[in-house]
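Reviewing the structure listed below.
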Amino acid sequence: MRILFMGTPEFAVPSFEALVREFEVVGAVTQPDRPAGRGQRVVFPPVKRAALAHGVPVLQPERINRPEVMAQLEAMEADLFVVVAFGQKIPDRLLAAPRNGCINVHSSLLPKYRGAAPINAAILNGDTVTGVTTMYLGSGWDDGDIILQEEEPVFPRDTAGALHDRLMVKGARLLLDTVRLIACGTAPRSPQDHSQATYAFKLKKEDARVDFRRPAEELDRLIRAMNPWPVAWTEIKGEIVRLWEACPCQESGTPGEILSMTGQGLLVACGSGSLILKKMQRPSGKVLSGLDFANGLRLRVGEILG
Numbered sequence: 034m035r036i037l038f039m040g041t042p043e044f045a046v047p048s049f050e051a052l053v054r055e056f057e058v059v060g061a062v063t064q065p066d067r068p069a070g071r072g073q074r075v076v077f078p079p080v081k082r083a084a085l086a087h088g089v090p091v092l093q094p095e096r097i098n099r100p101e102v103m104a105q106l107e108a109m110e111a112d113l114f115v116v117v118a119f120g121q122k123i124p125d126r127l128l129a130a131p132r133n134g135c136i137n138v139h140s141s142l143l144p145k146y147r148g149a150a151p152i153n154a155a156i157l158n159g160d161t162v163t164g165v166t167t168m169y170l171g172s173g174w175d176d177g178d179i180i181l182q183e184e185e186p187v188f189p190r191d192t193a194g195a196l197h198d199r200l201m202v203k204g205a206r207l208l209l210d211t212v213r214l215i216a217c218g219t220a221p222r223s224p225q226d227h228s229q230a231t232y233a234f235k236l237k238k239e240d241a242r243v244d245f246r247r248p249a250e251e252l253d254r255l256i257r258a259m260n261p262w263p264v265a266w267t268e269i270k271g272e273i274v275r276l277w278e279a280c281p282c283q284e285s286g287t288p289g290e291i292l293s294m295t296g297q298g299l300l301v302a303c304g305s306g307s308l309i310l311k312k313m314q315r316p317s318g319k320v321l322s323g324l325d326f327a328n329g330l331r332l333r334v335g336e337i338l339g
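Residue numbers for the sequence shown follow our numbering, beginning at 34 and rising by one.
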């Protein structure tokens, strides 16, 4: 079976490599190269690097819905399109092109958490279970018929990064099982219950702001859900400070008040309970322990943060 793969970030790489090992992947469609980092050096998307390593042709359209791009993809005569975190909506014309359809790997148990940030949403909402879904793409966002699903536990101290890495591997395995079923003509197809759909929209920097008036347990989930991106933050002495790791505690005080500074970190009161801030970072600085950060900025017990 001839497969055209569409994907961009690291999450898509294990899925791509699983398919390359077992099927004929005729091309990899990914986002254009972008400048990144402090030096703004142009970097290849992870899927492009993987495709080049396997000798798979790479296409990087700025917009996949341009007529000349769609014609080029149709001319590849793929039997199946596989989409994993591509970053652009697939137009209806392309959905109808391959004889076996167009399938997707999504990192939630659909119809829960349709959208761009399902992993973050699972941690933000305190879920104990999430998972991955393979589905046929429809004309809407993540609303197509389900093929396979598999659960994954959300552990109490999971960050979005840790959960991402497990779902990335699980998604690749589930995708391979799915494509094998499609190749045999035995893939199941179950419509989603749209009345049960919830959404996890693309994150913005403001979503990661830590407001110490909120409960400590809620802020702990926020900090873990925003790690490694976009990273939780607050303002301290007029600076944006990133909060990489924290732990909820029971001590109380005025929201934002520094209650103590110990080797464990910086203990800050919240709307209910408190947080030990364990890893913090000033703009363009290194990630420091809470105590080293407090000493460097000459913070004192009783000061109000945020």
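Quick reminder that beta carbons are idealized off the backbone N, C-alpha and C, glycines included.
Evaluate residue i with the Cβ neighbour count: other Cβ atoms within 10 Å of its Cβ, from every protein chain shown; 16 or more gives buried, anything less gives exposed.
i	result
Phe-114	buried
His-139	buried
Gly-323	buried
Ala-129	exposed
Ala-327	buried
Glu-101	exposed
Lys-270	exposed
Thr-163	buried
Ala-69	exposed
Restricting to Cα atoms, I'd like to know which of the options is closest to residue i.
i	options	result
Pro-79	Arg-71, Pro-65, Gln-73	Pro-65
Ala-86	Ala-69, Ala-61, Asn-98	Ala-61
Arg-96	Arg-82, Leu-310, Val-75, Leu-127	Leu-127
Leu-207	Pro-47, Met-109, Arg-35, Glu-43	Pro-47
Ile-356	Arg-190, Val-53, Leu-170	This structure does not reach residue 356, given that the chain is present from 34 up to 339, and the question cannot be answered.
Tyr-232	Met-34, Asp-125, Ala-155	Ala-155
Arg-275	Val-89, Gln-314, Glu-185	Gln-314
Glu-183	His-197, Thr-167, Gly-171, Asp-176	Thr-167
Ala-258	Glu-336, Glu-107, His-197	His-197
Who pairs with residue i in a beta bridge, going by DSSP?
i	result
Phe-38	Ala-61, Val-115
Ala-69	Arg-74
Met-168	Asn-137, Ile-179
Met-294	Leu-299
Leu-127	In the DSSP output, where bridge partners are listed per residue, Leu-127 has none listed.
Pro-281	Leu-308
Val-274	Thr-267
Ser-322	Lys-312
Ser-223	Ile-179
Ile-156	None; Ile-156 has no bridge partner.
Tell me the rounded alpha-carbon separation between residue i and residue j.
i	j	result
Met-40	Val-117	The sequence as given places Gly at residue 40; Met does not occur at that position. Looking at the two C-alpha atoms, the distance is approximately 5 Å.
Trp-174	Thr-219	25 Å
Arg-199	Leu-142	15 Å
Gln-93	Ala-83	14 Å
Gly-286	Leu-299	14 Å
Ala-193	Phe-38	25 Å
Arg-132	Gly-148	26 Å
Leu-214	Cys-303	51 Å
Glu-43	Ala-205	12 Å
Fill in: contact_flag[the stretch 292-302, the stretch 230-242] where n(CB pairs < 8 Å) is 3 or more
These segments do not touch.
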